[in-house]
Amino acid sequence: MADPVIIAVPKGRILEDALPLLARAGIEPEPAFSDEGSRALRFATNRPDISLIRVRAFDVATFVAHGAAQLGIVGSDVLMEFDYSELYAPVDLGIGRCRVSVAEPVELAALDDPREWSHVRVATKYPALTRRHFEARGVQAECVKLNGAMELAPLLGLSSRIVDLVSSGKTLKENGLVEIEVIAEVSARLIANRAAFKMRSAQIGPLIDAFRQAVR
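Following this line, the structure appears as structure tokens:
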């Protein structure tokens, strides 16, 4: 029997929405997957030819790009940040919708005109995406890389602006920040490793079709 197809799924907010999609695609993880106390990272499913790994969202793209997993579920923000040529994203899953936006303190926004920027200092976990966005507008972006608690950066003088994921805007508001520019709309995608897709198309092709049907 061929090795099982490994699907990388992200911890956190996308996973809750992804589980019903997995079920509709005929994939149900073993009970340990839902056990809050479990430290396991790899899980069997109801299908012997499929197993799941649960990793950080940013790592999903890396595992699949390097062929350690053959399929993955990840936000398009991560794909834009890494821009791996080894990845193929055949299905927009329509879940995890939000946006990557520029935000700044309310009092700065009252005086600010983004069209007049020539240089910005930005705290973000998306330095590549942020630089590309500002370069396209002729603005030099100095990026301070943070992995979380982005809203603290303007409060503590680390940077005057942030680039981060925004859904409701509630977290920004609670920290005295306001969204001033949307860089990209985001949703979760099913991704595949290109080489694996070619070499194991008999296994992976039907799985991709099952996700397409699940989305419909």
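Its first residue numbered 1, the sequence shown is counted upward by one per residue in the UniProt record's numbering. Glycine is no exception: its CB is placed at the ideal position from the N, C-alpha and C atoms.
- Message: Judging by CA-CA distance, which residue of Glu30, Ala44, Leu19, Leu21 is the nearest neighbour of Ile6?
- Response: The residue labelled residue 6 in the question sits at position 6 within the sequence shown. Looking at the Cα atoms, Ala44 is the closest of the given residues.
- Message: Determine whether the beta carbon atoms of Ser187 and Leu93 lie at a separation below 8 Å.
- Response: Locating residue 187 in the sequence shown gives position 187, counting from the first residue. Locating residue 93 in the sequence shown gives position 93, counting from the first residue. Yes.
- Message: Using 8 Å as the cut-off, can you tell me whether the segment 2-21 makes contact with the segment 51-71, which would need three or more C-beta pairs spanning the two stretches below that distance?
- Response: yes
- Query: Taking Cβ positions, are Ala141 and Val166 nearer each other than 8 Å?
  - Reply: As a working note, residue 141 is residue 141 in the sequence shown. As a working note, residue 166 is residue 166 in the sequence shown. For Ala141 and Val166, no; Cβs fall outside 8 Å.
- Message: Using a Cβ-Cβ cutoff of less than 8 Å, which residues in the same chain neighbour Thr124 once the five nearest sequence positions on both sides are dropped?
- Response: Mapped onto the sequence shown, residue 124 falls at position 124. Only Thr130, Cys143, Val144, Lys145, Leu146, Met150, Ile162, Val163, Asp164 meet the Cβ criterion.
- Assumed close pair Gly72, Ile191 - CB separation to whole angstroms, cut-off 8 Å: Start at 1 with the first residue of the sequence shown, and residue 72 comes out as number 72. Start at 1 with the first residue of the sequence shown, and residue 191 comes out as number 191. Right, their Cβ atoms sit about 5 Å apart.
- DSSP-derived helix/strand/coil call for Ser38: Within the sequence shown, the letter at position 38 stands for residue 38. Of the three classes helix, strand and coil, the one that applies to Ser38 here is coil, per DSSP.
- Assign Gln213 to one of two classes, buried (16 or more other C-beta atoms within 10 Å of its C-beta) or exposed (fewer than that). Here residue 213 is taken as the residue at index 213 of the sequence shown, counted from 1. With fewer than 16 other Cβ atoms within 10 Å, it is exposed.
- Could you spell out the range, first to last residue, of the alpha helix (DSSP H) harbouring Glu135? On the sequence shown, residue 135 is found 135 positions in, with the first residue counted as 1. Note, Glu135: alpha helix (DSSP H), 127-136.
- Task: Please work out which residues of its chain come closer than 8 Å, Cβ to Cβ, to Asp49, disregarding the five sequence neighbours upstream and downstream, and give them in chain order.
- Result: As a first step, residue 49 must be located in the sequence shown, where it is residue number 49. Result list for Asp49: Met1, Ala2, Pro4, Val5, Gln203, in chain order.
- Tell me which same chain residues have a C-beta within less than 8 Å of the C-beta of Ala69, skipping the five on either side of it? Position 69 of the sequence shown, counted from the first residue, corresponds to residue 69. Result list for Ala69: Ile6, Ile7, Ala8, Ile53, Val60, Phe63, Asn193, in chain order.
- Query: Near Val182, which residues of its chain fall below 6 Å by C-beta distance, leaving aside the five closest residues on each side in sequence?
  - Reply: The residue given as residue 182 occupies position 182 in the sequence shown. So the list reads Arg99, Ser101, once near-sequence residues are dropped.
- Task: State yes or no: is the C-beta of Pro206 within less than 8 Å of the C-beta of Leu177?
- Result: Residue mapping note: residue 206 aligns to position 206 of the sequence shown, counting from 1. Residue mapping note: residue 177 aligns to position 177 of the sequence shown, counting from 1. Contact flag unset, no.
- Query: Taking Cβ to Cβ, would you say Ala210 is nearer than 8 Å to Ala25?
  - Reply: As a working mapping, residue 210 is identified with position 210 in the sequence shown. As a working mapping, residue 25 is identified with position 25 in the sequence shown. Cβ atoms of Ala210 and Ala25: closer than 8 Å.
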